[in-house]
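Chemist:
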Amino acid sequence: MGFEQTYPSTLEAADLMLEDLGRFLAANDVMPRNAHLMTLMVSEAFTNAYLHGNQKDPDKRIIVQVRVNESEITADIIDQGKGGLKRIMSKKPAPLLAESGRGIDFIRHFSSSATFSEHEDGGMHVAIVLSRDAVSKTIHD
Amino acid sequence: MEIKVKQEGNIAVLKLAGRLDLASGTTLKQNMKSLFDKDVTMVHLNLAEVEFVNSSGLGTLVSIMKEIRLMKGRLTMSNLASYVQEIFDITQLSHIFEIYATEEEALSSFQAVASN
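Going down the list, the protein sequences come from chains A and B. Taking this note's numbering as reference, the numbering of the first sequence is continuous, increasing by one, and the terminal residue is 141. Taking this note's numbering as reference, the numbering of the second sequence is continuous, increasing by one, and the terminal residue is 257.
#1: According to DSSP, is A13/A part of a helix, a strand, or is it coil?
#2: Terminal residues of the continuous beta strand (DSSP E) containing I77/A?
#3: Within this structure, are the beta carbons of G53/A and G22/A separated by less than 7 angstroms?
#4: Below 8 angstroms, can you find three or more Cβ-Cβ pairs linking the region 179-199 of chain B to the region 76-92 of chain A?
#5: Below 8 angstroms on the Cβ atoms is my guess for L216/B versus E239/B; work out the distance and round it to an integer in Å.
#6: Going along the chain, which residues of its own chain have a beta-carbon closer than 7 angstroms to the beta-carbon of L18/A, five neighbours each way excluded?
#7: Could you give the first and the last residue of the continuous alpha helix (DSSP H) run that contains G198/B?
#8: Should M124/A go down as buried or exposed, given a rule of 16 or more other Cβ atoms within 10 Å for buried?
#9: So, does the CB of L16/A fall closer than 7 angstroms to a CB anywhere in chain E?
#10: Can you tell me which of Y241/B, M142/B, L155/B, Q148/B puts its alpha carbon nearest to the alpha carbon of F161/B?
#11: Below 7 angstroms between beta carbons: does that hold for G101/A and A94/A?
#12: Are the C-beta atoms of G83/A and some chain B residue less than 7 angstroms apart?
#13: For a contact defined as C-beta to C-beta under 7 angstroms, what are the partners of F106/A on chain B?
#14: Show which residues of chain B have a CB atom less than 7 angstroms away from the CB atom of S43/A.
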């Protein structure tokens, strides 16, 4: 089962996306913990796309694709920014009292795998996989 | 996010409901600023009805905590759902914030500190 929506880069769209995603995951019998983790990770990728990728430009779009099968849930979040792969690949865990910079940490921590790449159109493409029997650890492990 | 504010003596108690993220974090900061403008620096956040906190929401809470500490005030939180508690645990912020199981316990701790 799949879900694909394109949203403008606005805070209102972020709320709408979470509502859409919640309905899709519930309709596909994703257990609450996995639904919560996937919602968190997609929210982080969407926020990064909104802030860093599309730089809050409401005319630029964010594509969210989510698929569910028996073994895993996958999500792809694609923006229309200028990439920024170097920033993500060199990112270190956020300091304890940082007020920002934990989004990528959360995606790396909670996902079974996460891939960051530059889309053929130049924007950032975040691909998240969550195994349906995922077990999490501590970010600082 | 819905924010209900009540006063318990000199402590402001904020009951939050919904998602704490980038958009609602801004709203929460505005509420806090209104309290700080009235010299209220003893604050309790009841998160019983907060279903979701992402990194932006967490950053908002860190920012509020830093501001309150600068003013020599105190911030406590209570009633964290398991998913929300997990976010604090994995970031190790559960060692930094004063987190109580219930609002009553948190408010009692203010009285205990005041009487010492």
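Ideal Cβ placement from N, Cα and C applies to all residues, glycine included. In this text, all values refer to a predicted model and were calculated from it rather than measured experimentally.
Modeler: Short version:
#1: Secondary structure of A13/A (DSSP, three-state): helix.
#2: The continuous beta strand (DSSP E) containing I77/A extends over residues 72-78.
#3: Using a Cβ distance threshold of 7 angstroms, G53/A and G22/A do not count as a contacting pair.
#4: The region 179-199 of chain B, when compared against the region 76-92 of chain A, does not touch it at the 8 angstroms Cβ threshold.
#5: Rounded, the Cβ-Cβ distance is 7 angstroms, consistent with contact.
#6: Once the five neighbours on either side are set aside, the close Cβ partners of L18/A are T39, S43.
#7: Element bounds for G198/B: 196-211.
#8: Buried, by the Cβ-count rule.
#9: Among the protein chains of the structure shown, namely A and B, there is no chain E.
#10: Just to set this straight, residue 161/B is Leu in the shown sequence, not Phe. Ranked by Cα distance from L161/B, the first of Y241/B, M142/B, L155/B, Q148/B is M142/B.
#11: A contact, by the Cβ cut-off of 7 angstroms.
#12: It does not: the Cβ of G83/A has no partner Cβ on chain B nearer than 7 angstroms.
#13: Within chain B, the residues near F106/A are S196.
#14: Here the neighbours are D162, N195.
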